[in-house]
Amino acid sequence: MYFRLNPECYFIKGMKQGAIFDMIDCKIYALSPKETEILTSCEKNKIIDKEDDFLKELRSRTLGTFYQNKQYIQKLRFGSFIEKELNTPPEFYRAFLQINDKCDKNCWFCGYNGLKRSLGCLGCNKWENKDKPLDLKKWKEIIEELYDLGCNEIFFNGGDLSINWDETMEILEYSQGKFINTYITLHQHNLSEKIIKDLKNKTNLIIQTEDYNDIKFDNFLYLYVTKPEFLINKENIKENVMIDFIIEDKIDLDNLAKYKKDFPQFNLQSFLNNIEYHPCLGHTLTICSNGDVLSCPMMRDSNLGNLKNKTLSNIFREKFDEINKIWKLNLDNIEKCTCCEFRYICQDCRALEKKLTGRLDGKLLCNCRKEKGEV
Ligand code: SF4
Ligand code: SF4
Ligand code: SF4
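If you're matching positions, the sequence shown starts at 333 in the numbering used here and goes up one per residue.
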C-alpha cells in the first residue's frame, strides 16, 4: 500500500520537521520529526503501513489518500510547463515611485536617519539628494513604460507628497486605469480633508502614523510605526493595520517574536512565487525622485542605473543578471531560513537584515534555531 498527498498539498521539509501547505484551504499543518519521516517515505513512493494513525488522520482530513500502486502526483500549479523555457519578457509586476525626497519633519525612524524600519518601503522617507528631480513629463513617460512592461502594482511615496500636491495628483490621475492596484503613502500629519477627497476612488491610501490613536477609519490602510516593546496586544490590531517595526541596534528577539503577527496569509500564487523569488524583492523595482533605479526603496546602494537618459527597458537589457540575482534571492538562499519548513510563506525584509548583519543573505530577525536542528 502507498500513500500520497493530494495535488493541492505541498510538503516542505526543514532540517528535522516538515509542514503540509494546503493550497485550497490555505492552511498549514506543522508536523513532528516522526510524522515528517513517515511522510517523506510516502512522498518517495515507498510501501507504508496502511494502519498508521498519522496517515489515517491525513486521509480523514482529505490531505492525501492510500493507493494500491505507486503514483505520480502532479502538484497544483499555474500556467504552462513550457512557458519558462521560452524567451519571455521580465516578469516585472511592482514598482515603487518615490516622487519626491522632501519633507519638513524629521521623524527619528525616517530612512534619512539610518535604516531601522521593517516595512519602510510602504512608508515615507526623505533622502539626502542633490540631483535635479525628474519632471512631470518624465514621470508620465515612466508610467507609460511601466504599463507597457506589464507592471500592475504601483506604490507612490515620498518624502511628503502633499508638498506639491497638484503635481502628485496629476501623476496619480495619469496612472488611473493603467494598473490593477495603486497606493499612495502620506503621513497622518500631512493629510487634509481636501487630500482625502481628491484621492477618493482614485487610489488606495496608506496612512503612516506613530500614534495608534490616529487609527480611526476602516476604509484606509494604516502603517503603524512602533518599537516592538511599545506595541499594544497583537490580538487587538485591526485588519487594516500593517506594523512597521523599528529595530535599533539592541534587539530582544524573544520580545519581537511575541509581537510579530503570525505568518502572513498565503495562497498558491504567493507560495509558488516564493519557491522561485524573494517574497518582496522579486518582480520589483524602485524609481527614485532623481531617476535612479533601485532594487528596493530602502536598499539605497542597489543602484541599477538612472532614467534621465535611459528607459527601463534599457536597464533590463543591461542589468538583467544583476536584477534577477536580487529577484531570485528567495529564502532558500538565506542563512537559517534554508533549514526551515516555513520558508515559502515567511516575510523577510532584506534591506533591514542586510543592515543588521552586514550580509545580503544574513538573518537576524528570527528567533527560530532551525539551523541548529532545534524543533
Ligand atoms: S513624515 Fe515621512 S518623510 Fe517626513 S520625516 Fe517623517 S518619515 Fe520621513
Ligand atoms: S525567518 Fe525564521 S520562520 Fe521565517 S523562514 Fe526564516 S527561519 Fe523560518
Ligand atoms: S526588502 Fe522588501 S520589505 Fe524590506 S524595504 Fe525592501 S521591499 Fe520593503
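We put the CB at the ideal spot given by N, CA and C, even for glycine.
On the CB-based measure, 16 or more other CB atoms within 10 Å of its CB, does Gln403 come out buried or exposed?
Gln403 counts as exposed, since fewer than 16 other beta carbons sit within 10 angstroms of its beta carbon.
Going by C-alpha to C-alpha distance, which of Asp381, Phe487, Ile405 and Pro339 sits closest to Cys620?
Phe487
Per the DSSP calculation, Phe487 is bridged to which residue(s)?
Phe487 is bridged to Phe428 and Tyr515.
Would you mind giving the Cβ-Cβ distance between Asp624 and Asn665, rounded to the nearest angstrom? I have them listed as a contact below 8 Å.
Going by Cβ atoms, the distance from Asp624 to Asn665 rounds to 25 Å, so no, they are not a contact pair.
To which residues of the same chain is Met355 closer than 6 Å at the C-beta, ignoring the five residues directly before and after it?
Glu340, Leu408 and Leu600
Quick one: is Ile655 buried, meaning 16 or more other Cβ sit within 10 Å of its Cβ, or exposed?
buried
For Lys448, count the other beta carbons within 10 Å of its own beta carbon; 16 or more makes it buried, fewer makes it exposed. Which is it?
buried
Any idea if Ser634 is buried or exposed, counting beta-carbon neighbours within 10 angstroms, 16 or more meaning buried?
Around the beta carbon of Ser634, a 10 Å sphere encloses 16 or more other beta carbons of the protein chains shown; the residue is thus reported as buried.
Helix, strand or coil for Asn338? Go by DSSP, reduced to three states.
coil
Helix, strand or coil: which one does DSSP assign to Met708?
For the chain, the structure presents residues 333 to 707; residue 708 sits outside this window and is missing.
Which residues end up in the neighbourhood of ligand 1 when you take C-beta atoms closer than 5 Å to any of its heavy atoms?
Cys435, Lys437, Cys439, Cys442, Cys456, Lys458 and His519
So Cys453 and Cys628 are supposed to be a Cβ contact under 8 Å. How far apart are they, rounded?
6 Å
For Phe552, which residues from the same chain have a beta carbon less than 6 Å from its beta carbon, with the 5 sequence-adjacent residues on both sides left out?
Leu537 and Ile539
Is Phe598 near ligand 2, judged by its Cβ being under 8 Å from some heavy atom?
no
What residues are listed by DSSP as bridge partners for Arg449?
Its beta-bridge partners are Ile578.
Measure the C-alpha to C-alpha separation of Glu477 and Pro421 and round it to an integer number of angstroms.
Those two C-alpha atoms are separated by around 13 Å.
So does the stretch 365-385 actually touch the stretch 432-439, counting three or more Cβ pairs closer than 8 Å?
no
Quick one: measure Cβ to Cβ for Asn457 and Tyr444, integer angstroms, because I've assumed they're closer than 8 Å.
6 Å
Identify every residue that forms a DSSP beta bridge with Ala351.
Ile344 and Ala362
Would you say Phe674 touches ligand 2, meaning its beta carbon is less than 8 Å from a heavy atom?
Yes; taking the cut-off as 8 Å, the Cβ of Phe674 has a heavy atom of ligand 2 nearer than that.
With DSSP run on the structure shown, which of helix, strand or coil describes Thr394?
coil
For the alpha helix (DSSP H) containing Ile527, list its first residue and its last residue.
Glu525 to Leu531
Between the alpha carbons of Glu667 and Lys695, how many angstroms are there, rounded?
Across the structure, Glu667 and Lys695 are spaced so that their CA atoms are roughly 6 Å apart.
Between which two residues does the alpha helix (DSSP H) carrying Leu644 extend?
Leu644 to Trp659
Looking at Lys721: is its Cβ nearer than 9 Å to the Cβ of Phe353?
Only positions 333 to 707 of the chain appear in this structure, which leaves residue 721 out of reach.
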